[in-house]
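Below is one structure, written out as structure tokens; the observations come after it.
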Amino acid sequence: MKINNILFVSPLNQEIQNLIENYELEKKFRYLTEDELRDEDLEWADAFVSFKTRSSYDYSKVKWVHSLGAGVDSFIFKKDWNEDVILTRTICSFGQRISEYCLSYLLKDLQFHDQFLYLKSTKNWEPLTPNMLNEVKVMIYGTGEIGQKIAQVLSFFGVEVYGVSRSGKQKEFFKEVCTVDAHFSLLNQMNYLINTLPLTEETEYLFNKDIYKHVSNIGFVNVGRGESIRESDLLQALEFGQVRFAVLDVFGEEPLPQGNVLWEHPNVVITPHISAVTTSSEAVECFVGTLENLEKDNPLHNRVDVKKGF
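Heads up: the sequence shown begins at 710 in our numbering, then just goes up one per residue.
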């Protein structure tokens, strides 16, 4: 496939343009904000490159769409997609970054960071014996590249890691992988749940009272998509003690509105979608590599199966 005209729509356009120029690609580029984007730009372009867009566009006008992030739900979730248009996504250090993010909050809990901070504020000398990683069980939803990397990191420290995936196919670093329908019997054994799943019609509001009723006193970390959680059910699970604390990095609406009650909840940690930040250099490196593979008809390991949604 030959790509000549490439359209970037990103708030990081200036950084991206500076990096792209280092590659001396013999292509024509346009760098626009979403407010500047017009139909004639899509008609001009062979390729459309963006993190995510607020509006729906007719991507059938181009040959290739590339997401500068790992997620592609803004392009295809509950939208029609012309399968003649290739969709790819960025794959870089996401797995390592998210693994360290998750590990930090597990250790924070096991090592009683919050309790010792409180005891310091009250000048109270009260020894508490920290728990250990090799004493806990974790269920990871999603066993793709990110979920598998988290499993690798946690299992290195002795964590007993279980996985949930669409197929239930067994994978390295997981003691057991099962489907959503089959995993309920294991939930009462878990100490932590970690969601890495993409947003699809199957994963929308997956985390609801049907899951929480099988757990007690667990920690929950969401680094997948905000729309995978039914917030009202999570709040109820926190109230009932089914979920002891929740670490939320992603939300259905971002930035999270100031009026959202999650801000005030004492057992909820909120981070502003930073568990897997895409640096401009990594994004450009993946884009250029994908462009080269596309034009040489090489396999695209980062191509999205639009029917599956990831």
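In this text, a Cβ means the ideal position worked out from N, Cα and C, and glycines have one as well.
Note to self: Less than 8 Å between CB atoms is the rule here; does residue 829 satisfy it with respect to chain D?
What the structure shows: Going by chain labels, chain D is absent from the structure shown, which holds only one protein chain.
Checklist line | Boundaries of the alpha helix (DSSP H) in which residue 1019 is found, first to last residue | finding: In the sequence shown, counting from the first residue as 1, residue 1019 sits at position 310. From DSSP, residue 1019 is part of no alpha helix (DSSP H); its letter is neither H nor E.
Next item on the list: Please state whether DSSP places residue 801 in a helix, a strand or coil.
Entry: The residue you call residue 801 lines up with position 92 of the sequence shown. Looking at residue 801 - three-state DSSP - the assignment turns out to be coil, as it is neither helix nor strand.
Note to self: Taking the beta carbon of residue 1019 as the centre, do at least 16 other beta carbons fall within 10 Å, making it buried, or is it exposed?
What the structure shows: On the sequence shown, residue 1019 is found 310 positions in, with the first residue counted as 1. By the neighbour-count rule (16 or more Cβ atoms within 10 Å), residue 1019 is buried.
Item checked: DSSP three-state assignment for residue 1009, whether helix, strand or coil -> One-based indexing of the sequence shown puts residue 1009 at position 300. Of the three classes helix, strand and coil, the one that applies to residue 1009 here is coil, per DSSP.
Note to self: For residue 900, which residues in the same chain have their Cβ closer than 8 Å to its Cβ, ignoring the five residues on either side in sequence?
What the structure shows: Against the sequence shown, residue 900 aligns to sequence position 191. Answer for residue 900: 845, 846, 847, 927, 928, listed in chain order.
Note to self: Within the continuous beta strand (DSSP E) that includes residue 872, where are the two ends?
What the structure shows: Taking the first residue of the sequence shown as position 1, residue 872 is located at position 163. Element bounds for residue 872: 869–873.
Note to self: So the candidates are 863, 922, 882, 989; which of them puts its Cα closest to the Cα of residue 816?
What the structure shows: Locating residue 816 in the sequence shown gives position 107, counting from the first residue. Cα-wise, what sits closest to residue 816 is 863.
Item checked: Enclosing alpha helix (DSSP H) for residue 837 [first to last residue] -> As a first step, residue 837 is located in the sequence shown; it is residue number 128 there, counting from the start. Unbroken run through residue 837: none, as it is neither H nor E.
Checklist line | Continuous beta strand (DSSP E) assignments of at least 3 residues falling wholly in the segment 751–775 | finding: 756–759
Item checked: Span of the alpha helix (DSSP H) around residue 854 -> For the purposes of this step, residue 854 is taken as the residue at position 145 of the sequence shown. Start and end: 854–865.
Checklist line | Range covered by the beta strand (DSSP E) that runs through residue 955 | finding: To locate residue 955, count along the sequence shown from 1; it is residue 246. Run containing residue 955: 952–957, per the beta strand (DSSP E) assignment.
Notebook entry, point to check: Between residue 1010 and residue 968, what straight-line distance do the alpha-carbon atoms span, to the nearest angstrom?
Noted result: Taking the sequence shown and counting its residues from 1, one reaches residue 1010 at position 301. Taking the sequence shown and counting its residues from 1, one reaches residue 968 at position 259. Cα to Cα, residue 1010 sits roughly 41 Å from residue 968.
Note to self: So, for residue 910: in the same chain, excluding its five sequence neighbours on each side, which residues have a beta-carbon less than 6 Å away from its beta-carbon?
What the structure shows: Taking the first residue of the sequence shown as 1, we reach residue 910 at position 201. Correct list: empty, nothing qualifies.
Notebook entry, point to check: If you drop the 5 nearest sequence neighbours on each side, which residues of the same chain put their C-beta closer than 6 Å to that of residue 1025?
Noted result: With the chain represented from 710 up to 1019, any question about residue 1025 goes unanswered, as that position is not in the structure.
Next item on the list: Output the distance between the C-alpha atoms of residue 902 and residue 1006, rounded to the nearest integer angstrom.
Entry: Numbered from 1 along the sequence shown, position 193 holds the residue referred to as residue 902. Numbered from 1 along the sequence shown, position 297 holds the residue referred to as residue 1006. Taking the straight line joining both Cα atoms gives about 40 Å.
Notebook entry, point to check: With distances taken from CA atoms, which of 738, 956, 878 is nearest residue 717?
Noted result: Within the sequence shown, the letter at position 8 stands for residue 717. Looking at the Cα atoms, 738 is the closest of the given residues.
Item checked: Three-pair Cβ contact test at 8 Å for the segment 816–830 versus the segment 877–891 -> no
Next item on the list: Assign residue 939 to buried or exposed, taking buried as 16 or more other Cβ atoms, counted over all protein chains shown, within 10 Å of its Cβ.
Entry: Numbered from 1 along the sequence shown, position 230 holds the residue referred to as residue 939. Residue 939 is buried by the Cβ-count criterion.
Notebook entry, point to check: Near residue 979, what residues of its chain come up, given a Cβ to Cβ distance below 7 Å and the 5 sequence neighbours on each side ignored?
Noted result: Numbered from its first residue, the sequence shown carries residue 979 at position 270. For residue 979, where only same-chain residues beyond five positions count, the Cβ hits under 7 Å are 957, 965, 971, 972.
Next item on the list: Within the same chain, show all residues whose beta-carbon is closer than 8 Å to that of residue 871, passing over the 5 residues directly before and after it, in chain order.
Entry: Reading the sequence shown from its first residue, position 162 is the one you call residue 871. Once the five neighbours on either side are set aside, the close Cβ partners of residue 871 are 846, 847, 848, 849, 883, 884, 885, 886, 887, 892, 895, 899.
Check: When we look at the beta-carbon of residue 931 and count the other beta-carbons within 10 Å, is it buried (16 or more) or exposed?
Finding: Counting from one through the sequence shown, the residue named residue 931 turns up at place 222. The residue is buried, with at least 16 neighbouring Cβ atoms inside 10 Å.
Check: If you drop the 5 nearest sequence neighbours on each side, which residues of the same chain put their C-beta closer than 8 Å to that of residue 754?
Finding: Numbered from its first residue, the sequence shown carries residue 754 at position 45. For residue 754, where only same-chain residues beyond five positions count, the Cβ hits under 8 Å are 714, 715, 716, 739, 770, 771.
Notebook entry, point to check: Which runs of the beta strand (DSSP E) fall wholly inside the segment 899–972 and span at least 3 residues, in chain order?
Noted result: 901–904, 927–931, 952–957
Note to self: I believe residue 819 touches residue 843 by the beta-carbon criterion, under 8 Å. Please report the beta-carbon distance rounded to the nearest angstrom.
What the structure shows: Within the sequence shown, the letter at position 110 stands for residue 819. Within the sequence shown, the letter at position 134 stands for residue 843. Incorrect: roughly 10 Å between the Cβ atoms, too far for contact.
Note to self: Pairs of beta-carbons, one from the segment 987–997 and one from the segment 788–807, closer than 8 Å: are there three or more?
What the structure shows: yes
Next item on the list: Return the CA-CA distance between residue 866 and residue 724, expressed in angstroms with no decimal places.
Entry: Working through the sequence shown from its first residue, we reach residue 866 at position 157. Working through the sequence shown from its first residue, we reach residue 724 at position 15. So the alpha carbons of these two residues sit roughly 38 Å apart.
Next item on the list: Report all residues from its chain with a CB closer than 6 Å to the CB of residue 722; omit the five preceding and five following residues, and keep chain order.
Entry: One-based indexing of the sequence shown puts residue 722 at position 13. Cβ neighbours of residue 722 beyond the five flanking positions: 740.
Margin query: From the DSSP secondary-structure annotation, give me the bridge partner or partners of residue 885.
Written below: Stepping through the sequence shown from its first residue, residue 885 is reached at position 176. According to DSSP, which records beta bridges pairwise, residue 885 is partnered with 871.
Next item on the list: Kindly indicate which three-state DSSP category residue 993 falls into: helix, strand or coil?
Entry: Residue mapping note: residue 993 aligns to position 284 of the sequence shown, counting from 1. If DSSP states are grouped into helix, strand and coil, residue 993 belongs with the helices.
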